[in-house]
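Below: the structure, in structure tokens.
Numbering (my numbering), first residue to last: 410 to 619.
In structure tokens:
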């Protein structure tokens, strides 16, 4: 499941980043202590990826493995080359609903390396910190943010509707859902979106297989 992009006609997103070049997120400091902390918090019941390295091995050896993982991570960022074991995954079909004989009734679940999940978590923390620090995320965004959830979204919506009804105003509501939303994200548009939020350098240069 993917989107075939027309790269010749990509609309430019609205730039929300108004800071100077010093505030642009271009690089990342790879700290072995941060890697060790995340390794020590891995859930032991999680499945291993294609590398067959289980959290039951990684968690007890967090301090010993943090330095070599940090070195590989730094090398990957510097060269733009992602190790093969970090790119491959075991795909398991998860049944959703309907008739089990129909392939489209299953959702693919990718079991990736636990090590790369730690690396992704470090990158995510840096990006979120950048967006939160410069107030680049709208207050209406409740998904995937610390302290926000479906509950806070519904409470905000309920407050708006209640205030409108008290003011004798009409309220119309439209619910939308995007099919395969995460599977079909256009990569080139996503990269432009990142740049519009002051994220550049190793984050959007494009990592190549290695």
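We put the beta carbon where it would ideally sit given N, CA and C, even for glycine. Keep in mind the model is a prediction, meaning the values are calculated, not measured.
query	result
Of the residues 613, 602 and 526, the one placed nearest residue 422, counting alpha carbons only	602
Residue burial classification, residue 484 (beta-carbon count within 10 angstroms, cutoff 16)	exposed
Residue 451 versus 434, 543 and 471, residue with shortest Cα-Cα distance	471
Beta strand (DSSP E) segments (min. 3 residues) lying fully within the segment 496-524	498-504 and 515-521
Exposure label - residue 524; buried when at least 16 CB within 10 Å	buried
Reduced DSSP category for residue 435 - H, G, I as helix; E, B as strand; rest coil	coil
Of the residues 583, 434 and 568, the one placed nearest residue 576, counting alpha carbons only	568
Run of the alpha helix (DSSP H) containing residue 551, from where it starts to where it stops	Residue 551 -> no alpha helix (DSSP H), and no H or E assigned at all.
Segment limits, alpha helix (DSSP H) that includes residue 477	471-488
Contacts around residue 417, its chain only, beta-carbon distance under 7 Å, and the 5 residues preceding and following it disregarded	none
Stretch pair the segment 543-559 + the segment 493-508: three plus CB contacts closer than 8 Å	no
Nearest residue (CA-CA) to residue 480, options 583, 468, 440 and 499	440
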